[in-house]
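S.K.:
Protein chains: 4
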Amino acid sequence: MATVRARDDDQKLARKHTLMDAGWTLFKENDGQLPSVAQVVKKAGLAKGTFYLYFKTKEELFLELLSDAVKRFFDNIKTELSAETIDVDAVIDTFVKHVSEDEALIHLGCMLSGVIEQNTEEEVLLKFKLHMVQMLFEVGAIISAAVETAIEEGKPYNPIETGVAARLMLRSYAAFVGIAQMVPPPNSPYIDIPELAPVKLDLQLDTKAIVRALWQDALQACNNPE
Amino acid sequence: MATVRARDDDQKLARKHTLMDAGWTLFKENDGQLPSVAQVVKKAGLAKGTFYLYFKTKEELFLELLSDAVKRFFDNIKTELSAETIDVDAVIDTFVKHVSEDEALIHLGCMLSGVIEQNTEEEVLLKFKLHMVQMLFEVGAIISAAVETAIEEGKPYNPIETGVAARLMLRSYAAFVGIAQMVPPPNSPYIDIPELAPVKLDLQLDTKAIVRALWQDALQACNNPE
Amino acid sequence: MATVRARDDDQKLARKHTLMDAGWTLFKENDGQLPSVAQVVKKAGLAKGTFYLYFKTKEELFLELLSDAVKRFFDNIKTELSAETIDVDAVIDTFVKHVSEDEALIHLGCMLSGVIEQNTEEEVLLKFKLHMVQMLFEVGAIISAAVETAIEEGKPYNPIETGVAARLMLRSYAAFVGIAQMVPPPNSPYIDIPELAPVKLDLQLDTKAIVRALWQDALQACNNPE
Amino acid sequence: MATVRARDDDQKLARKHTLMDAGWTLFKENDGQLPSVAQVVKKAGLAKGTFYLYFKTKEELFLELLSDAVKRFFDNIKTELSAETIDVDAVIDTFVKHVSEDEALIHLGCMLSGVIEQNTEEEVLLKFKLHMVQMLFEVGAIISAAVETAIEEGKPYNPIETGVAARLMLRSYAAFVGIAQMVPPPNSPYIDIPELAPVKLDLQLDTKAIVRALWQDALQACNNPE
DNA sequence: TATGAATGAGCATTCATTCAT
DNA sequence: AATGAATGAATGCTCATTCAT
Numbered sequence: 448m449a450t451v452r453a454r455d456d457d458q459k460l461a462r463k464h465t466l467m468d469a470g471w472t473l474f475k476e477n478d479g480q481l482p483s484v485a486q487v488v489k490k491a492g493l494a495k496g497t498f499y500l501y502f503k504t505k506e507e508l509f510l511e512l513l514s515d516a517v518k519r520f521f522d523n524i525k526t527e528l529s530a531e532t533i534d535v536d537a538v539i540d541t542f543v544k545h546v547s548e549d550e551a552l553i554h555l556g557c558m559l560s561g562v563i564e565q566n567t568e569e570e571v572l573l574k575f576k577l578h579m580v581q582m583l584f585e586v587g588a589i590i591s592a593a594v595e596t597a598i599e600e601g602k603p604y605n606p607i608e609t610g611v612a613a614r615l616m617l618r619s620y621a622a623f624v625g626i627a628q629m630v631p632p633p634n635s636p637y638i639d640i641p642e643l644a645p646v647k648l649d650l651q652l653d654t655k656a657i658v659r660a661l662w663q664d665a666l667q668a669c670n671n672p673e
Numbered sequence: 448m449a450t451v452r453a454r455d456d457d458q459k460l461a462r463k464h465t466l467m468d469a470g471w472t473l474f475k476e477n478d479g480q481l482p483s484v485a486q487v488v489k490k491a492g493l494a495k496g497t498f499y500l501y502f503k504t505k506e507e508l509f510l511e512l513l514s515d516a517v518k519r520f521f522d523n524i525k526t527e528l529s530a531e532t533i534d535v536d537a538v539i540d541t542f543v544k545h546v547s548e549d550e551a552l553i554h555l556g557c558m559l560s561g562v563i564e565q566n567t568e569e570e571v572l573l574k575f576k577l578h579m580v581q582m583l584f585e586v587g588a589i590i591s592a593a594v595e596t597a598i599e600e601g602k603p604y605n606p607i608e609t610g611v612a613a614r615l616m617l618r619s620y621a622a623f624v625g626i627a628q629m630v631p632p633p634n635s636p637y638i639d640i641p642e643l644a645p646v647k648l649d650l651q652l653d654t655k656a657i658v659r660a661l662w663q664d665a666l667q668a669c670n671n672p673e
Numbered sequence: 448m449a450t451v452r453a454r455d456d457d458q459k460l461a462r463k464h465t466l467m468d469a470g471w472t473l474f475k476e477n478d479g480q481l482p483s484v485a486q487v488v489k490k491a492g493l494a495k496g497t498f499y500l501y502f503k504t505k506e507e508l509f510l511e512l513l514s515d516a517v518k519r520f521f522d523n524i525k526t527e528l529s530a531e532t533i534d535v536d537a538v539i540d541t542f543v544k545h546v547s548e549d550e551a552l553i554h555l556g557c558m559l560s561g562v563i564e565q566n567t568e569e570e571v572l573l574k575f576k577l578h579m580v581q582m583l584f585e586v587g588a589i590i591s592a593a594v595e596t597a598i599e600e601g602k603p604y605n606p607i608e609t610g611v612a613a614r615l616m617l618r619s620y621a622a623f624v625g626i627a628q629m630v631p632p633p634n635s636p637y638i639d640i641p642e643l644a645p646v647k648l649d650l651q652l653d654t655k656a657i658v659r660a661l662w663q664d665a666l667q668a669c670n671n672p673e
Numbered sequence: 448m449a450t451v452r453a454r455d456d457d458q459k460l461a462r463k464h465t466l467m468d469a470g471w472t473l474f475k476e477n478d479g480q481l482p483s484v485a486q487v488v489k490k491a492g493l494a495k496g497t498f499y500l501y502f503k504t505k506e507e508l509f510l511e512l513l514s515d516a517v518k519r520f521f522d523n524i525k526t527e528l529s530a531e532t533i534d535v536d537a538v539i540d541t542f543v544k545h546v547s548e549d550e551a552l553i554h555l556g557c558m559l560s561g562v563i564e565q566n567t568e569e570e571v572l573l574k575f576k577l578h579m580v581q582m583l584f585e586v587g588a589i590i591s592a593a594v595e596t597a598i599e600e601g602k603p604y605n606p607i608e609t610g611v612a613a614r615l616m617l618r619s620y621a622a623f624v625g626i627a628q629m630v631p632p633p634n635s636p637y638i639d640i641p642e643l644a645p646v647k648l649d650l651q652l653d654t655k656a657i658v659r660a661l662w663q664d665a666l667q668a669c670n671n672p673e
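Residue numbers (this note's numbering), protein chains in the order written: chain B, 448 to 673; chain R, 448 to 673; chain F, 448 to 673; chain S, 448 to 673.
1) Going by DSSP in three states, glutamine 480/R sits in which element: helix, strand or coil?
2) Give me the chain B residues within the contact set of phenylalanine 623/R, using Cβ-Cβ distance strictly less than 8 Å, ordered along the chain.
3) By the three-class DSSP mapping on this structure, what secondary structure does tyrosine 637/B have?
4) Cβ closer than 9 Å: which chain F residues qualify as neighbours of glutamine 480/S?
5) Taking only the alpha-carbon atoms, compute the straight-line gap between asparagine 523/S and lysine 463/B and give it to the nearest angstrom.
6) By the 8 Å beta-carbon criterion, what residues does the region 630 to 649 of chain B contribute toward chain R?
7) Measuring only the C-alpha atoms, how far is alanine 516/R from tryptophan 471/F?
8) Please compile the residues from chain S whose C-beta is within a distance smaller than 9 Å of the C-beta of leucine 577/F.
9) Can you tell me whether lysine 495/S is buried or exposed, with buried defined as 16 or more other CB within 10 angstroms of its CB?
10) Listing by chain order, which chain B residues have their CB less than 7 Å from the CB of glutamate 507/R?
11) If you compare alpha carbons, which of Gly625/S, Met582/S, Gln663/S and Glu600/S is closest to leucine 643/F?
12) If you check the beta carbons only, do glutamate 506/S and threonine 567/S fall under 8 Å apart?
13) Exposed or buried, which one is leucine 648/F when buried takes at least 16 other CB atoms within 10 Å?
14) Buried or exposed: where does arginine 759/B fall if 16 or more other Cβ atoms within 10 Å of its Cβ makes it buried?
15) Would leucine 617/R count as contacting chain B if we go by Cβ distances under 8 Å?
16) Of all the beta strand (DSSP E) runs that stay within the bounds of the region 544 to 581 of chain B, which reach a length of 3 or more residues?
17) Rounding to the nearest angstrom, what Cα-Cα distance links serine 529/F and threonine 609/F in this structure?
18) Going by CA-CA distance only, name the one from Ser483/S, Val580/S, Ser619/S and Phe474/S that's closest to alanine 660/S.
19) So, at 6 Å on beta carbons, what are the nonlocal neighbours of valine 630/R in its own chain, with the 5 sequence-adjacent residues on each side left out?
20) Give the interface partners of glutamine 628/S over in chain F, defined as CB-CB distance under 7 Å, in chain order.
21) Roughly how many whole angstroms lie between the Cα atoms of phenylalanine 623/B and isoleucine 553/B?
22) Do you know offhand how far threonine 541/R's Cα is from isoleucine 638/R's?
23) Counting only the same chain and skipping the five closest in sequence on each side, list residues whose C-beta sits under 7 Å from that of alanine 491/S.
24) In chain S, which residues lie with their C-beta within 9 Å of the C-beta of leucine 554/F?
25) Can you pull the DSSP bridge partners for tyrosine 604/F?
26) Just the chain F side, please: which residues come within less than 7 Å of glutamine 486/S by C-beta, in chain order?
27) Out of curiosity, what's the CA-to-CA distance linking alanine 461/R and glutamate 511/R?
28) Could you say which of Ala453/B, Gln667/B and Ser635/B lies nearest to serine 560/R if we only look at CA atoms?
29) Classify glutamate 476/F: buried if its beta carbon has 16 or more other beta carbons within 10 angstroms, exposed otherwise.
30) Can you confirm whether aspartate 664/R, when its beta carbon is compared against all beta carbons of chain B, has any partner nearer than 8 Å?
31) Residues of chain R with a CB under 8 Å from the CB of valine 586/B: which are they?
32) How big is the Cα-Cα spacing for glutamate 646/F and valine 611/S?
33) Do isoleucine 589/B and lysine 525/B come within 8 Å of each other at the CB atom, strictly closer than that value?
34) Please report the straight-line C-alpha distance between leucine 513/B and glutamate 595/B, rounded to a whole angstrom.
35) Below 9 Å between beta carbons is the criterion; list the residues of the region 602 to 613 of chain B that meet it against any residue of chain R, in chain order.
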């Protein structure tokens, strides 16, 4: 059953992604439980030992998955915000727009403190966290500068510091994670119960509502910043 | 080692609570992982078999625990909101006030869709969900009425329907859950890393910020409701 | 495949011994390697989980096996030495007599520091060691007294203190362990090679030679004690 | 990362010794467990495959290590005994002198029958054993001749045949192995327990006691050889 | 010669659940 | 109602060895 060996770094990265893809697919199918290593390697068509050539523990794979997705998420936001003059709705729409693509990812984020952190080397985890801080500040800086420009152009905004913007970003993210968890999965048997309908959250709609309130509160001239 | 038998319903309920208390204590100690049945019964001073006299699965105990805590949470809010004329800050303060007591509970809530739902009878789960809807609407009705009164007294609020208030409540709860997950546990080794400090969330502070923005947005006359 | 449950302490002890017997048999067959838990429970006709009802780790079973055998060994010696007036040959013969029954056991003793200690709770291990010390001193005391008597009866011995006798006992045991390891196992393919014959040790003969030298050295009047 | 290739026999031997040194160092650190091939090659700075270019199995490396050390041990003894007129104490001191340098080696010796023999080709093993016999007889011959000389010089010794001397040597070695196994390793948590102190063996002291008794018994005129 | 990715059987241990007493 | 011994599938992980390059 011998697989072709991954010799150069590109091939090794590809192999790593084979495992990550398998893990990701199973995680989505499993609906919120980390699959076992046995499941992952079976799906990937590799041997158990091979898994541990690429990851020190099972949890490390999922941290890496989360890390990649978080990065992708912020990268998208950065790219889009850089391009245009700021506008509350621009921030909100950009933010929410990338939500639907990463829905399941959020469920991984929810396991970070619970399951993933329990079995990941501190060093790896710290790197992830520092990277996240950095991304938050980068986005924060972009927003801060864009708000400045908007004010000069006559928009009725409060100026906003980088750090405050970063924290606002994090709060938006947290709210989003909270919503995501309450959205019933597509295969839920409860999805069609009429009594449950009035409080069935919609990921896009409800995230948008919170995020808008949050940013208007911070940017609009008539409010006092916290 | 035979424990005295629980004969009437009161005694049976008491026994059930012995198990729930043990489970709850262990869950808080465990920091985010459901304890094993063996641990629970050991702490409760009962035998393994006894557990299954009172709960059909391990997860059912924790669902019941969650159910109780959610109920307690909303009851507290209801009691307090009924007592006074509404005021944005009253809602917010009441909401956040009960947050710190139930922090660990939130982590249970976070496992609902992931772990608990996977191994609980549909019927039991549905009952829980319907109960939650009902509580949300009760709180929503109270708020709706209180806002009406406030408007009559001259406060510059928008009127708010019961259903909208319920949904707002749910969004606040979701935001809170999201924040709670990102707050590092007290024994986290990352708690003192200076680079991480700027984005270390504070459960009370950051929840308050989101919740305030949310309710002001909804209540204040100068805003358009979503 | 449900086995009858062990309800009272006698039955539980019996079950424990079922596992120990299985482990012991396999250890002898394996020739010097601890069998796996899977092997043990298969031989015992029990389920894997049952093993851990009776032992905290695999190594604990083998420590207990060693402990029992060591106890049996010293008990035999004690019984026999108490009965008769001492005589160098009595000690030696008694010592060596119980050797052949416990040969394989010695191989267990050889793993004590290497394998067994690595995965046994300190407390359990300490208890074993203290017990061993106690047994050594008990035998030492008996020998010391018997030598006294022998001297009074006119035998040309040096008197010997309890502690010295205990240490002598331990040295004899150590020498025996050393010999036991060099004796080829009965199924060894080297057993019949003529070139190897001159140095093929014989457990009884060679142990006896060392032990006799040791005790004569200590007891005989013409020698100076170390 | 390709290491320079070993082309001639000297280089190949050097490479082999790189591996053996790494294995030896790790074995001493490991305290009684054979290190894994992965550990060995990492320490040696070579690749896994390279290991199997020089050894057919992992155990073969350790057999070779044992073989070398035993050879060194006997060589030292031979050299020293050849140089001087025999004297019981000379034998003993020489023997014990080389003990402390090779303590860890003994633990390897202890694994010979257990672990190493299980996974080594018969041929290799036989070669080792024959070599050992040869060394024993060489030392035996030297001792036999030296005793002869000593008797001529008037020392009150029994003459001793080569074969008997060889066997005596082997018994001494066995006793030494037995003692070595009972000496607690330097990092043992039991080393300081006062109740254990009276029977804490000392490698040099206790080996010496046994070995002295053994040789005096054989050499001294007043004893009957076995 | 040298490499190191791939293998997969093997291992100790856990744990929710059952059921005879 | 209460017990707790028994179960056995499942899990994360290790490691000696192979072999294509």
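The C-beta atom is built at its ideal place from N, Cα and C for all residues, glycine as well.
M.R.: Result, derived from the coordinates:
1) Counting from one through the second sequence, the residue named residue 480/R turns up at place 33. Of the three classes helix, strand and coil, the one that applies to glutamine 480/R here is coil, per DSSP.
2) Within the second sequence, the letter at position 176 stands for residue 623/R. Neighbours of phenylalanine 623/R on chain B, chain order: Gly625.
3) Along the first sequence, read from residue 1 onward, the residue named residue 637/B stands at position 190. Tyrosine 637/B: coil per DSSP, three-state reduction.
4) As a first step, residue 480/S is located in the fourth sequence; it is residue number 33 there, counting from the start. Ordered by position in chain F, the residues that pass the 9 Å Cβ test against glutamine 480/S are Gly561, Val562 and Gln565.
5) Residue 523/S sits at position 76 when you count from the first residue of the fourth sequence. Residue 463/B sits at position 16 when you count from the first residue of the first sequence. Rounded to whole angstroms, asparagine 523/S to lysine 463/B spans 54 Å at the Cα level.
6) Flagged, chain order: Pro631, Pro632, Pro636, Tyr637, Ile640, Glu642, Leu643, Pro645, Val646 and Leu648.
7) Taking the second sequence and counting its residues from 1, the one referred to as residue 516/R is at position 69. Taking the third sequence and counting its residues from 1, the one referred to as residue 471/F is at position 24. Between the C-alpha atoms of alanine 516/R and tryptophan 471/F there is a straight-line separation of about 53 Å.
8) Taking the first residue of the third sequence as position 1, residue 577/F is located at position 130. In chain order, Ile640, Glu642 and Leu643 make up the part of chain S whose C-beta sits under 9 Å from the C-beta of leucine 577/F.
9) The residue you call residue 495/S lines up with position 48 of the fourth sequence. Lysine 495/S comes out exposed.
10) Working through the second sequence from its first residue, we reach residue 507/R at position 60. Those within 7 Å of glutamate 507/R in chain B number zero; the least Cβ separation is about 17 Å.
11) In the third sequence, the residue the question calls residue 643/F occupies position 196. Ranking Gly625/S, Met582/S, Gln663/S and Glu600/S by CA distance to the CA of leucine 643/F puts Met582/S first.
12) Here residue 506/S refers to the residue found at position 59 when the fourth sequence is read from its first residue. Here residue 567/S refers to the residue found at position 120 when the fourth sequence is read from its first residue. Cβ atoms of glutamate 506/S and threonine 567/S: closer than 8 Å.
13) Position 201 of the third sequence, counting from 1, holds the residue named residue 648/F. By the Cβ neighbour-count rule, leucine 648/F is buried, with 16 or more other Cβ atoms within 10 Å of its own.
14) In the structure displayed, chain B extends from 448 to 673; residue 759/B sits before or after that span and is not available.
15) Stepping through the second sequence from its first residue, residue 617/R is reached at position 170. So yes, leucine 617/R belongs to the interface.
16) If you keep only unbroken beta strand (DSSP E) runs of at least 3 residues inside the region 544 to 581 of chain B, you get nothing at all.
17) Position 82 of the third sequence, counting from 1, holds the residue named residue 529/F. Position 162 of the third sequence, counting from 1, holds the residue named residue 609/F. Pairing serine 529/F with threonine 609/F, the inter-Cα distance amounts to about 14 Å.
18) For the purposes of this step, residue 660/S is identified with residue 213 of the fourth sequence, where counting begins at 1. The shortest C-alpha separation from alanine 660/S is found at Ser619/S.
19) Numbered from 1 along the second sequence, position 183 holds the residue referred to as residue 630/R. Excluding positions up to five away in sequence, the list reads Leu648 and Leu650.
20) Locating residue 628/S in the fourth sequence gives position 181, where the first residue counts as 1. Within chain F, the C-beta atoms nearer than 7 Å to that of glutamine 628/S come from Cys557, Ser560 and Val624, in chain order.
21) Translated into the one-based positions of the first sequence, residue 623/B becomes position 176. Translated into the one-based positions of the first sequence, residue 553/B becomes position 106. Whole-angstrom Cα-Cα distance: 8 Å.
22) Here residue 541/R refers to the residue found at position 94 of the second sequence. Here residue 638/R refers to the residue found at position 191 of the second sequence. It is roughly 28 Å from the alpha-carbon of threonine 541/R to the alpha-carbon of isoleucine 638/R.
23) Taking the first residue of the fourth sequence as 1, we reach residue 491/S at position 44. Setting aside the 5 residues that flank it on each side, alanine 491/S is surrounded in the same chain by Thr465, Leu466 and Ala469, each with a C-beta closer than 7 Å to its C-beta; the list follows chain order.
24) Walking along the third sequence from the start, residue 554/F turns up at place 107. The displayed chain sequence assigns histidine, not leucine, to residue 554/F. From the beta-carbon of histidine 554/F, the residues of chain S found nearer than 9 Å are Ser560 and Gly561.
25) Reading the third sequence from its first residue, position 157 is the one you call residue 604/F. Looking at the DSSP assignment, tyrosine 604/F forms a beta bridge with Gln667/F.
26) Here residue 486/S refers to the residue found at position 39 when the fourth sequence is read from its first residue. Within 7 Å Cβ-Cβ: nothing; glutamine 486/S doesn't reach chain F, min ~16 Å.
27) Translated into the one-based positions of the second sequence, residue 461/R becomes position 14. Translated into the one-based positions of the second sequence, residue 511/R becomes position 64. Whole-angstrom Cα-Cα distance: 14 Å.
28) Here the question's residue 560/R lines up with position 113 in the second sequence. When C-alpha distances from serine 560/R are compared across Ala453/B, Gln667/B and Ser635/B, the shortest belongs to Ser635/B.
29) Translated into positions along the third sequence, residue 476/F becomes position 29. Under this definition glutamate 476/F is an exposed residue.
30) To locate residue 664/R, count along the second sequence from 1; it is residue 217. Answer yes: the Cβ-Cβ gap between aspartate 664/R and chain B drops below 8 Å somewhere.
31) Translated into positions along the first sequence, residue 586/B becomes position 139. The premise fails here: valine 586/B is roughly 12 Å from chain R at the closest Cβ pair, so nothing lies under 8 Å.
32) Walking along the third sequence from the start, residue 646/F turns up at place 199. Walking along the fourth sequence from the start, residue 611/S turns up at place 164. The sequence shown places valine at residue 646/F, not glutamate. Their backbone Cα atoms lie some 10 Å apart in a straight line.
33) Walking along the first sequence from the start, residue 525/B turns up at place 78. Walking along the first sequence from the start, residue 589/B turns up at place 142. Against a cut-off of 8 Å, the Cβ pair of isoleucine 589/B and lysine 525/B comes out as a contact.
34) Here residue 513/B refers to the residue found at position 66 of the first sequence. Here residue 595/B refers to the residue found at position 148 of the first sequence. Taking the straight line from one Cα to the other gives about 33 Å.
35) Against chain R - using a Cβ distance shorter than 9 Å - the residues of the region 602 to 613 of chain B are Gly610 and Ala613.
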